[in-house]
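Working notes for the structure below.
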Amino acid sequence: MELPITISPRRLTGILSLVVLGLTLASLAGSLSTLYLHPGTDLLKQVQKSYIRLFYVDWEANIPTWYQASTLLFCSIILATIARGKRARQDPYVWHWAALAVIFLAMSIDEEAIIHEMAIKPLRQAFHMGGLLYYAWVVPGAAAVLLFALAYLRFLWSLPPRTRLLFVVAGIIYVGGALGVEAVSGLWADRHGENNLVYMMISTVEELMEMIGIIVFIHTLLDYTGRHMGKVTLHVDAVGPHDAATALEICNGIVPEGGEAAEVPRRR
C-alpha cells in the first residue's frame with residue numbers, strides 16, 4: 001500500500017508563518033500584561049501567571065519551546081530522507097546530509113531539554129563572563145558554528161545556486177538570532193535585569209529570528225527535494241500479520257509514470 005503525501009513548500013511555509021505570528025503575539029501580550037496589568041484577585045493573578053508560563057517565548061518547557069523542538073525534528077526527518085535518497089543514488093555528500101540530520105535531531109532534543117542552558121552559570125562563574133558574554137553558552141556556540149561552516153564549505157558550494165542561497169539566508173537568520181541577538185540580550189540583562197520591556201522585546205526578536213530561520217530552512221529542504229530528488233512516497237509493505245516493514249522512500253526518477261517502484265538498496 002502506498003500513501004502519497006503531498007507537501008507544498010509554499011503552503012507549509014505560510015502555515016508555519018501564521019503559527020509563528022500567533023505565538024509571537026501571544027508572548028508579547030503576556031509580557032506586556034506583566035508590566036501594565038495588575039490583576040486585583042488571586043485567581044486573575046494565577047491566570048496571568050499561567051498564561052505567561054505557557055506562551056512567553058523566552059521561557060523553556062512551554063508551547064513555543066515545543067513548537068521549535070518539533071520544527072527542528074521535522075528538519076531532521078527531511079534531512080534523513082534526503083540522505084537515504086542520496087545513498088540510493090550513490091550521490092556524493094551522503095554523510096554530510098546524514099550528519100545534518102543528526103545535528104538537527106540533537107538541536108531538537110536540546111531545545112526541549114534545555115541542555116545548553118545548563119552551561120550558562122558554570123561558564124559564567126568559571127570565566128567571570130559578563131556583558132555580551134553574560135549568557136556564556138554563546139562562546140562554545142560560536143565556536144561550533146565556525147567549525148560547522150568550515151566543515152561544510154565544500155558541501156555548500158556543491159548545492160544548486162537557489163538552494164545554496166536559501167541555506168545561507170536561513171543560517172544567517174537563525175544564527176543571528178540564536179547568537180547575535182542573544183549576546184545583545186545578555187548585555188542588557190547584565191546591566192538592567194530581565195524584568196523590563198526592553199529585555200522582553202530583545203528576547204522576542206531573538207526567538208522570532210530563530211523560528212523564521214527554521215521556516216526558511218524547511219522551505220529550502222522541501223524545495224530542494226521537489227526540484228532535485230523527485231517524488232517522496234510512504235510505502236507500507238505488510239508481509240504478514242506479525243511482519244510489517246515501513247519505509248520512507250525517495251523515488252528519484254526510479255518510479256516511471258504508471259510504473260512500479262524499483263527496490264531501494266538496503267544496508268546489509
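By this note's numbering, the letter at position 186 of the sequence shown is numbered 186, and the numbering carries on one by one without gaps.
Yeah, the Cβ is synthetic: ideal placement off N, Cα and C, and Gly gets one too.
Q | 8 Å Cβ cutoff met for residue 105 and residue 73 | A | Counted from its first residue, the sequence shown places residue 105 at position 105. Counted from its first residue, the sequence shown places residue 73 at position 73. Going by C-beta atoms, residue 105 is nearer than 8 Å to residue 73.
(Q) Quick check: the region 148-164 against the region 218-225, are at least 3 beta-carbon pairs closer than 8 Å? (A) Counting C-beta pairs with one atom in each stretch, the region 218-225 and the region 148-164 have three or more that are closer than 8 Å, which means they touch.
Q. Residue 186 and residue 123: beta carbons closer than 8 Å?
A. One-based indexing of the sequence shown puts residue 186 at position 186. One-based indexing of the sequence shown puts residue 123 at position 123. Not a contact, by the Cβ cut-off of 8 Å.
Q: Determine the extent of the alpha helix (DSSP H) in which residue 204 is found, giving its start and end residues.
A: Counting from 1 along the sequence shown, the entry for residue 204 is found at position 204. First-last of the alpha helix (DSSP H) with residue 204: 197-224.
Q.
Less than 8 Å between the C-beta atoms of residue 156 and residue 167, yes or no?
A. Here the question's residue 156 lines up with position 156 in the sequence shown. Here the question's residue 167 lines up with position 167 in the sequence shown. In this structure, residue 156 lies near residue 167, with their beta-carbon atoms less than 8 Å apart.
**Q.** Local Cβ density within 10 Å of residue 6, reported as buried at 16 or more and exposed below that
**A.** In the sequence shown, residue 6 corresponds to position 6, counting from 1. Counting Cβ neighbours within 10 Å, residue 6 comes out exposed, since fewer than 16 surround it.
Q | Integer Cβ distance of residue 145 from residue 179, believed to fall under 8 Å | A | As a first step, residue 145 must be located in the sequence shown, where it is residue number 145. As a first step, residue 179 must be located in the sequence shown, where it is residue number 179. Right, their Cβ atoms sit about 7 Å apart.
Q) Buried or exposed: which applies to residue 335, given that a residue is buried once 16 or more other Cβ atoms fall within 10 Å of its Cβ? A) Absent from the model: residue 335. The displayed extent of the chain is 1 to 268, so no value can be given.
Q) Distance, Cα to Cα, residue 19 vs residue 26? A) Within the sequence shown, the letter at position 19 stands for residue 19. Within the sequence shown, the letter at position 26 stands for residue 26. Taking the straight line joining both Cα atoms gives about 11 Å.
Q. What are the boundary residues of the alpha helix (DSSP H) that includes residue 116?
A. Position 116 of the sequence shown, counted from the first residue, corresponds to residue 116. If you look at residue 116, you'll find it isn't in any alpha helix (DSSP H); DSSP assigns it neither H nor E.
Q) Under 8 Å, do residue 207 and residue 58 count as touching if we go by C-beta distance? A) Numbered from 1 along the sequence shown, position 207 holds the residue referred to as residue 207. Numbered from 1 along the sequence shown, position 58 holds the residue referred to as residue 58. Yes, these two residues count as a Cβ contact at 8 Å.
Q | residue 139 (DSSP reduced to helix, strand or coil) | A | The residue labelled residue 139 in the question sits at position 139 within the sequence shown. Three-state DSSP puts residue 139 in a helix.
Q. Within this structure, are the beta carbons of residue 182 and residue 135 separated by less than 8 Å?
A. Taking the sequence shown and counting its residues from 1, the one referred to as residue 182 is at position 182. Taking the sequence shown and counting its residues from 1, the one referred to as residue 135 is at position 135. In contact: residue 182 and residue 135 (Cβ atoms closer than 8 Å).
Q. If you draw a straight line from the C-alpha of residue 159 to the C-alpha of residue 93, how long is it?
A. What you label residue 159 is simply residue 159 of the sequence shown in a count that begins at 1. What you label residue 93 is simply residue 93 of the sequence shown in a count that begins at 1. CA-to-CA, the gap between residue 159 and residue 93 works out to about 10 Å.
Q | residue 18 (DSSP reduced to helix, strand or coil) | A | Along the sequence shown, read from residue 1 onward, the residue named residue 18 stands at position 18. In the three-state reduction of the DSSP assignment, residue 18 falls in the helix class, which pools H, G and I.
Q. Three or more beta-carbon pairs under 8 Å between the region 39-50 and the region 74-93, yes or no?
A. With a cut-off of 8 Å, the region 74-93 and the region 39-50 do not count as touching, because too few Cβ pairs lie within range.
Q | Cutoff 8 Å: residue 68 Cβ touching any chain D Cβ | A | The displayed structure is made up of one protein chain only, and chain D is not part of it.
Q | Pairwise C-alpha distance: residue 117 and residue 31 | A | As a first step, residue 31 must be located in the sequence shown, where it is residue number 31. As a first step, residue 117 must be located in the sequence shown, where it is residue number 117. So the two alpha carbons sit approximately 21 Å from each other.
Q. Is the beta carbon of residue 67 less than 8 Å from the beta carbon of residue 23?
A. By 1-based counting over the sequence shown, the position of residue 67 is 67. By 1-based counting over the sequence shown, the position of residue 23 is 23. A contact, by the Cβ cut-off of 8 Å.
Q.
Quick test of your reading: residue 202 and residue 174, contact by CB under 8 Å. State the CB separation rounded to the nearest angstrom.
A. Looking up residue 202 in the sequence shown gives position 202. Looking up residue 174 in the sequence shown gives position 174. Their Cβ separation, rounded to whole angstroms, is 17 Å, which puts residue 202 and residue 174 out of contact at 8 Å.
**Q.** Nearest neighbour of residue 33, chosen from 56, 172, 193 [CA to CA]
**A.** In the sequence shown, the residue the question calls residue 33 occupies position 33. Considering only 56, 172, 193, the residue with the shortest C-alpha distance to residue 33 is 56.
Q) How many angstroms separate the CA atom of residue 216 from the CA atom of residue 176? A) What you label residue 216 is simply residue 216 of the sequence shown in a count that begins at 1. What you label residue 176 is simply residue 176 of the sequence shown in a count that begins at 1. It is roughly 14 Å from the alpha-carbon of residue 216 to the alpha-carbon of residue 176.
Q. What three-state label does DSSP hand residue 8 in the structure shown?
A. Taking the sequence shown and counting its residues from 1, the one referred to as residue 8 is at position 8. DSSP places residue 8 in coil when its eight states are reduced to three.
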